[in-house]
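Protein chains in written order, with the working numbering: chain Z, 1 to 172; chain B, 173 to 378. Just so you know, even glycine gets a beta-carbon here, dropped at the ideal spot from N, CA and C.
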Amino acid sequence: MVSENTEFTYNSKIEGDVVVTKADAVVNWIRSHSMWPMPMGLACCAIELMASGAARHDISRFGAEVMRFSPRQSDVMIVAGTVTYKMATALRRIYDQMAAPKWVIAMGACASTGGMYRSYAVLQGVDRFVPVDVYVSGCPPRPEALLDAILKLKESVNREPSVRNLLKAGAR
Amino acid sequence: MSTAATSLDLEKRFPGVTPRDSADCPAFNVPTADIVRVLTALRDDFGYDMLVDIAGIDWGESASPRFAVAYHVLSTEKAAYVRLVAPCSGDAEPSIPSVAGVYPAADWHEREAYDMFGIRFEGHPDLRRILMWEGYPYHPLRKDFPLAGIETDLPDDEVAGETGVRVKPAPMAGGPFVAPQAGHMTSREPRARDESWNEKSEKPAD
Chain Z
1 MVSENTEFTY
11 NSKIEGDVVV
21 TKADAVVNWI
31 RSHSMWPMPM
41 GLACCAIELM
51 ASGAARHDIS
61 RFGAEVMRFS
71 PRQSDVMIVA
81 GTVTYKMATA
91 LRRIYDQMAA
101 PKWVIAMGAC
111 ASTGGMYRSY
121 AVLQGVDRFV
131 PVDVYVSGCP
141 PRPEALLDAI
151 LKLKESVNRE
161 PSVRNLLKAG
171 AR
Chain B
173 MSTAATSLDL
183 EKRFPGVTPR
193 DSADCPAFNV
203 PTADIVRVLT
213 ALRDDFGYDM
223 LVDIAGIDWG
233 ESASPRFAVA
243 YHVLSTEKAA
253 YVRLVAPCSG
263 DAEPSIPSVA
273 GVYPAADWHE
283 REAYDMFGIR
293 FEGHPDLRRI
303 LMWEGYPYHP
313 LRKDFPLAGI
323 ETDLPDDEVA
333 GETGVRVKPA
343 PMAGGPFVAP
353 QAGHMTSREP
363 RARDESWNEK
373 SEKPAD
């Protein structure tokens, strides 16, 4: 039996002031639509990061335009550039100061793998210090690649079992 | 450029100073003890008013004197450079007088040479490491230090305790990586000379 009703959107006249959804979907929707980046600019990738934030590429289309230089106010750390061992300890401290939930994007070859710096001073991939959610290839990546990484991160955040994680964190 | 005049004057005033082979600017070998006096004379009497660079040199583990320090000074008026090279006294713990009192610019250059080569600059106002962290046990630009590095502790004990990370040698995978000088541009990205081994499959024994 095909229904006459072709109205698929929410209709308050029929259903009252109630939206039926899953708690995960609500929490993830809130989280993924405004992820404030912590710009961890360490080398030339930071220039592309700045370009992403500027007018031409307009990162605010994806809700990530509020670059917070305070780790307390940011959700996603964008590691843009070469991480030396000396800097890596500071990076880890900044990551520890970020409030959960928090994510990390390793932007570019250096942050992902050490890049072309196979040397005594350079950390061979920032994932040895902090858990990385998205890796971006390129040396440096184009701003489009970074925007794609933010979209990929959104997708991944939308799949998180947020409520279960919250309850688990509350039980601890 | 009055190469000859400078050369003659310097050697006349400082008997230990000898000319040195050079492809570009006038260069001199200077005895360790004279370096401060010679640089003071170059600054005050010859007009070399700008210190451009100080570089450490490691001639290899078997050489003696093993370490030397090269100074480049520039006369902004004549637009002429002079290079001085002085050996360091002591091969195990090299040292040389600091010239930070003559050229303030020497401060950070000497700190870098100290950091990278372990050359002690006697009389330096603040001889600390400048690139590697305080407490790093090696001097990376010495000939006996491998490019990949040596395993050691992190600079920050707290972070090391939390992450369990140590400073590890970088995987060289047949490197160092060199860009081939022949062939099309697209095929000339840096590669290891020997790509037959990597971290997964070990280098075959000779």
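Between which residues of its own chain and residue i is the CB-CB distance below 7 angstroms, once the five residues before and five after are set aside?
i	result
V208/B	P269, V271 and V274
M87/Z	L42
H244/B	V224, D225, Y253 and R255
F200/B	L182, V189, T190, P191, R192 and L256
L246/B	Y220, M222, V224 and Y253
K375/B	W369
Shorter than 9 angstroms from the beta carbon of residue i to some beta carbon of chain Z?
i	result
M357/B	no
G321/B	yes
W305/B	yes
K375/B	no
V337/B	yes
G340/B	The sequence given here places Lys at residue 340/B; Gly does not occur at that position. K340/B counts as touching chain Z.
M173/B	Note that M173/B scores 45 on pLDDT, short of 50, meaning its location in the model is unreliable; the coordinates nonetheless yield the value given after this. Output row for M173/B: interface = no.
P348/B	yes
F200/B	no
F317/B	yes
V271/B	no
D328/B	yes
E334/B	yes
Using a Cβ-Cβ cut-off of 9 angstroms, state whether residue i counts as contacting chain B.
i	result
V122/Z	yes
M35/Z	no
G138/Z	no
E81/Z	Note on residue identity: the sequence assigns Gly, not Glu, to residue 81/Z. Not one chain B Cβ lies under 9 angstroms of G81/Z.
M116/Z	yes
K102/Z	no
D133/Z	no
A43/Z	no
Among the residues of its own chain, which have a CB less than 6 angstroms from the CB of residue i, if the five just before and after it don't count?
i	result
A227/B	A242
A351/B	R360 and P362
S174/B	For S174/B, the predicted model reports a pLDDT of 46, less than 50, meaning its position is unreliable and no value from the coordinates is stated.
A177/B	Confidence in A177/B is poor, its pLDDT being 49 and thus under 50, which makes the residue's placement unreliable; the coordinate value appears in the next sentence. Once the five neighbours on either side are set aside, A177/B has no close Cβ partner at all.
Y120/Z	none
P266/B	F239, C260 and I291
V130/Z	Y95 and V104
Have a look at the DSSP bridge pairing and note the partners of residue i.
i	result
A240/B	I229/B and P259/B
W103/Z	V76/Z
S247/B	A252/B
N201/B	T190/B and V257/B
Can you give me the C-alpha to C-alpha distance between residue i and residue j, rounded to a whole angstrom?
i	j	result
V122/Z	P187/B	46 angstroms
P161/Z	F69/Z	28 angstroms
I30/Z	A111/Z	28 angstroms
L214/B	A205/B	16 angstroms
D216/B	M222/B	11 angstroms
A54/Z	I78/Z	16 angstroms
K340/B	G232/B	25 angstroms
T89/Z	D328/B	6 angstroms
T113/Z	Q124/Z	5 angstroms
D287/B	P309/B	10 angstroms
E65/Z	M357/B	38 angstroms
A169/Z	M35/Z	21 angstroms
E323/B	V26/Z	47 angstroms
P297/B	R93/Z	31 angstroms
A251/B	W280/B	23 angstroms
P143/Z	P37/Z	14 angstroms
A21/Z	N158/Z	As written in the sequence, residue 21/Z is Thr, which differs from the Ala given in the question. Roughly 14 angstroms between the two C-alpha positions.
Check whether the Cβ of residue i lies closer than 8 angstroms to any heavy atom of the ligand PLP, and answer yes or no.
i	result
I14/Z	For the ligand PLP, the structure offers nothing, since it holds no ligand at all.
Would a check of beta-carbon distances place residue i closer than 9 angstroms to chain C?
i	result
S119/Z	Protein chains Z and B are contained in the structure displayed, whereas chain C is not.
For residue i, collect the residues of the same chain with a Cβ closer than 8 angstroms to its Cβ; drop the 5 residues on either side in sequence, then sort them by chain order.
i	result
K152/Z	V134
E294/B	S267, I268, P269 and S270
I'd like the ranges of any alpha helix (DSSP H) spanning at least 4 consecutive residues and lying wholly in the region 325 to 350 of chain B. 329 to 335
Please go through the region 23 to 52 of chain Z and give each complete beta strand (DSSP E) segment of 3 or more residues, from N-terminal end onward. 37 to 41
My parser needs the beta strand (DSSP E) runs of 3 or more residues fully inside the region 114 to 157 of chain Z; what are they? 134 to 136
Secondary structure, alpha helix (DSSP H): runs of 4+ residues fully inside the region 262 to 304 of chain B: 278 to 289
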